[in-house]
Amino acid sequence: MIATGATAAALTVGAAAPEAPTAAQAPVAAAAVCTLTKEMTEGPYHLDGQFVRADVSEDKTGIPLELTLTVVDDSTCAPLNKALVEIWHCDALGEYSGFVGNNGHDEPDNGTFLRGGVLTGSDGVARITTVYPGWYRGRCVHIHVKVHTDVTLTADGSFTGGQELHTGQLFFSETITTRVAALATYAANTVPRTTLAQDGIYDDGGAASGLLTLTALGSSTSAGYAGTLTLGVES
Numbered sequence: 708m709i710a711t712g713a714t715a716a717a718l719t720v721g722a723a724a725p726e727a728p729t730a731a732q733a734p735v736a737a738a739a740v741c742t743l744t745k746e747m748t749e750g751p752y753h754l755d756g757q758f759v760r761a762d763v764s765e766d767k768t769g770i771p772l773e774l775t776l777t778v779v780d781d782s783t784c785a786p787l788n789k790a791l792v793e794i795w796h797c798d799a800l801g802e803y804s805g806f807v808g809n810n811g812h813d814e815p816d817n818g819t820f821l822r823g824g825v826l827t828g829s830d831g832v833a834r835i836t837t838v839y840p841g842w843y844r845g846r847c848v849h850i851h852v853k854v855h856t857d858v859t860l861t862a863d864g865s866f867t868g869g870q871e872l873h874t875g876q877l878f879f880s881e882t883i884t885t886r887v888a889a890l891a892t893y894a895a896n897t898v899p900r901t902t903l904a905q906d907g908i909y910d911d912g913g914a915a916s917g918l919l920t921l922t923a924l925g926s927s928t929s930a931g932y933a934g935t936l937t938l939g940v941e942s
């Protein structure tokens, strides 16, 4: 399987040895290896019919998180165009919209914060702006993700129908989460934090299990992070 452009850069690539080929040697092309991203539990906090929007943060406080998720067919490495990538996660205090109070913090609930999704472009890329998640009892810091195809966009700005190709979770480096947890907005979360190693869902599988590559957006933790991942799905 051959991948080119941004897709190839995001995937594991095996290439020929660095020595220049002799006349007797045939050239060896770089081959991209596309990995099927592991399916994981949807969890109890999913809500249907969320908004199609690039920024799901609404008025939630927390450090910025800029997600770039690339959806590819795991058998061909081809990017999926017009796939809807949906995310949902808790806020800094561990509360999900639609379910506030479950983590022991009393706050208003408008039912939509930190939920939504966007359609991929022809490059298979979905870009979503949110905030770094907090945590709740028994789970490490994570984001839920679904990949849909053939959805219908509705007049109220949400979506319906289609086919679900993937349900998974996105995970975060424990080193970075420790820094984030020390910031005042997150330190207000009074629930003991479950680490990545202690989590009962994450299986230490790295990117294939949803572990994001995180890059600082500035010189301080409060400036936020960019998170990238290639999602390999069966299409």
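Here the sequence shown stands for residues 708 to 942, where the numbers follow this note's numbering. Using N, Cα and C, we set each Cβ at its ideal position, and we do this for glycine too. Computed from a prediction, not measured in an experiment: that's the story for all the values here.
Between the CA atoms of residue j and residue i - distance to the nearest angstrom
i	j	result
Gly750	Ser926	35 Å
Gly936	Leu918	It is worth fixing the name first, because residue 936 is Leu in this sequence and not Gly. Between Leu936 and Leu918, the C-alpha separation is close to 8 Å.
Asp780	Leu787	7 Å
Ile770	Val887	8 Å
His812	Cys847	Unreliable positioning characterises His812 in this predicted model, as indicated by a pLDDT of 48, which lies under 50. A coordinate reading is not provided.
Leu772	Val763	11 Å
Gly831	Ser782	15 Å
Gly999	Asp798	Summary: the structure shown does not reach residue 999, with the chain confined to residues 708 through 942, and so no result is reported for it.
Ala738	Val759	Below a pLDDT of 50, predicted positions are generally treated as unreliable, and Ala738, at 45, falls in that range; the measurement from the model is reported next regardless. Roughly 35 Å separates the two Cα atoms.
Thr884	Tyr843	14 Å
Cys784	Gly875	19 Å
Leu800	Thr859	33 Å
Trp795	Ser829	24 Å
Glu746	Leu938	11 Å
Ala894	Gln905	20 Å
Leu924	Ser880	15 Å
Thr775	Tyr932	11 Å
Ala897	Tyr803	Sequence inspection shows Thr at residue 897; the Ala mentioned does not correspond to that position. Each residue's Cα considered, the two are about 16 Å apart.
Arg900	His849	12 Å
Pro725	Thr819	Per-residue confidence for Pro725 stands at a pLDDT of 42, beneath the threshold of 50, marking its modelled position as unreliable; the derived number appears in the next sentence. Cα to Cα, the separation comes out at about 52 Å.
Gly912	Leu903	11 Å
Thr920	Asp863	34 Å
Leu659	Gly841	Since the first residue shown for the chain is 708 and the last is 942, residue 659 is missing from the structure and cannot be characterised.
Thr856	Gly824	12 Å
Thr922	Tyr752	28 Å
Residue i in three-state terms, based on DSSP
i	result
Arg760	coil
Val832	strand
Ile850	strand
Glu665	The displayed coordinates of the chain run from 708 to 942. Any statement about residue 665 would go beyond what the structure contains.
Thr884	helix
Gly913	helix
Thr892	helix
His695	Outside the displayed range of the chain (708 to 942) lies residue 695, so it cannot be described from this structure.
Gly939	strand
Leu918	strand
Val838	strand
Tyr752	coil
Check whether residue i and residue j have beta carbons under 8 Å apart
i	j	result
Leu872	Glu941	yes
Thr742	Ile908	no
Ser865	Leu890	no
Leu877	Val852	yes
Gln757	Arg834	no
Ala790	Val854	yes
Thr768	Thr861	no
Ala761	Thr836	yes
Ala915	Thr744	yes
According to DSSP, residues forming a beta bridge with residue i
i	result
Tyr932	Leu772 and Ala923
Thr744	According to DSSP, Thr744 bridges with nothing at all.
Phe806	Per DSSP, none; premise fails for Phe806.
Leu860	Phe866
Boundaries (first-last residue) of the alpha helix (DSSP H) holding residue i
i	result
Glu871	Taken as a continuous stretch (DSSP letters only), Glu871 belongs to no alpha helix (DSSP H), being part of the beta strand (DSSP E) at Gln870 to Phe878.
Thr783	First-last for Thr783: undefined, no H or E at that position.
Any C-beta of chain B under 8 Å from that of residue i
i	result
Val832	Of the chains in the structure shown, none is chain B; there is only one protein chain.
Opening and closing residue of the beta strand (DSSP E) in which residue i lies
i	result
Leu826	Arg822 to Leu826
Cβ-heavy atom distance, residue i to the ligand ZN, below 7 Å
i	result
Ala904	Inclusion of the ligand ZN in the displayed structure is not the case, the ligand content being empty and no account of it being possible.
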